[in-house]
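Report on the structure given below.
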């Protein structure tokens, strides 16, 4: 069965999403210890908000009625603020590939939230694919060490980021449930403003304590990448896809993230994981293929 135009564009959006998100793991790990995660993400949302706000104003336009029921934006912004802060907290101790593998557990959680919030059914094929993907992710998270897996010896960074991924998984079906016809750019802008407000209030001490003028050029370069590519563009791509695809399939593209991260790590000169770990990566790619075959 051929994909409809909207579904095909949704899949393309998520493919781009995975590639851009992968860069945030590799680049983020380079500066995770150089700036407080809350301060970093407050600056990120401020810069991304300017970009998205300008695009929304020049595109569909910004109208007061589009921001009715502001609790929706506060809820979604809070979830994404939790996700990003815990991501960089996790990257302080967890390697990028391992952290990206934790990220691939979000489809399982997203499918559960999709059923709870939207009653989106899970077919046997989707269930099998999610199980294979989760198994591959766990194999990478535990570094292909069966004893560590059986003992559930998980690192602190991975555990911290898992909580953030749960927030991310809830975000996807909530976008579909809470959107009231607002254009993707406008809805994203509202969410970003809410996330910035929450982070600014919560992290005011950390923001004030940060020596912004003394930050290295690398921190600023990564911050620009995070704001422009890993925030502005990925938020719009995620919003766009979430309105056209079931939650489980939207988040299924996270299975490609570890593969892209490995590519980034090689480019950055950090090498590739050992062969046994790559077996887990292969399982996550197989899971994505199975999910796509549901449409084929």
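Residue numbers (the working numbering): 0 to 295. Here a beta-carbon is modelled for each residue, glycine too, at the ideal position from N, C-alpha and C. Here the structure is a predicted model, which means the values were calculated and not measured.
Alpha-carbon spacing of residue i relative to residue j, whole angstroms
i           : j           : result
residue 263 : residue 57  : 34 Å
residue 19  : residue 118 : 30 Å
residue 191 : residue 80  : 9 Å
residue 282 : residue 208 : 44 Å
residue 8   : residue 213 : 43 Å
residue 13  : residue 220 : 24 Å
residue 17  : residue 67  : 31 Å
residue 288 : residue 184 : 30 Å
residue 93  : residue 61  : 40 Å
residue 89  : residue 155 : 7 Å
residue 91  : residue 103 : 19 Å
residue 153 : residue 275 : 18 Å
residue 15  : residue 226 : 16 Å
residue 120 : residue 179 : 23 Å
residue 181 : residue 72  : 12 Å
residue 265 : residue 65  : 44 Å
Contact check, residue i vs residue j, beta carbons under 8 Å
i           : j           : result
residue 87  : residue 198 : no
residue 286 : residue 137 : no
residue 85  : residue 222 : no
residue 218 : residue 50  : no
residue 143 : residue 273 : yes
Selected residue, minimal CA-CA separation from residue i, among the options
i           : options            : result
residue 159 : 177, 170, 171, 140 : 140
residue 195 : 77, 66, 69, 25     : 77
residue 259 : 24, 165, 164, 122  : 24
residue 261 : 249, 252, 277, 248 : 277
residue 123 : 211, 110, 64, 231  : 110
residue 177 : 238, 143, 166, 226 : 238
residue 98  : 169, 157, 166      : 157
residue 216 : 107, 14, 82, 34    : 34
residue 296 : 269, 60, 62, 100   : Outside the displayed range of the chain (0 to 295) lies residue 296, so it cannot be described from this structure.
residue 169 : 36, 64, 108        : 108
residue 106 : 270, 75, 249       : 249
residue 27  : 54, 228, 72        : 228
residue 161 : 210, 22, 133       : 133
Closer than 8 Å to chain D by CB, residue i
i          : result
residue 70 : This model lacks chain D altogether; it includes just one protein chain.
Integer-rounded CB distance, given that residue j should sit under 8 Å from residue i
i           : j           : result
residue 125 : residue 255 : The pair is not a contact, with the Cβ atoms about 17 Å apart (cut-off 8 Å).
residue 48  : residue 234 : With 8 Å as the limit, residue 48 and residue 234 do not qualify as a contact, their Cβ atoms being about 10 Å apart.
residue 257 : residue 96  : 6 Å
residue 163 : residue 280 : Not really, about 21 Å apart at Cβ, beyond 8 Å.
residue 82  : residue 10  : Incorrect: roughly 23 Å between the Cβ atoms, too far for contact.
residue 172 : residue 113 : 4 Å
residue 32  : residue 224 : Their Cβ separation, rounded to whole angstroms, is 18 Å, which puts residue 32 and residue 224 out of contact at 8 Å.
Close Cβ partners of residue i (< 7 Å) along its chain, the five nearest in sequence each way excluded
i           : result
residue 41  : 195, 198, 199, 202, 206
residue 232 : 19
residue 127 : 289
residue 52  : 188
residue 59  : 182, 184, 185
residue 253 : 17, 102, 103, 105, 106
residue 269 : none
Cβ shell of residue i (< 8 Å), same chain only, five flanking positions each side left out
i           : result
residue 69  : 189, 193
residue 174 : 75, 186, 237, 238, 241, 242
Contact set for residue i: own chain, Cβ-Cβ below 6 Å, skip 5 residues either direction
i           : result
residue 251 : 106, 287, 290
residue 55  : 61, 184, 185, 188
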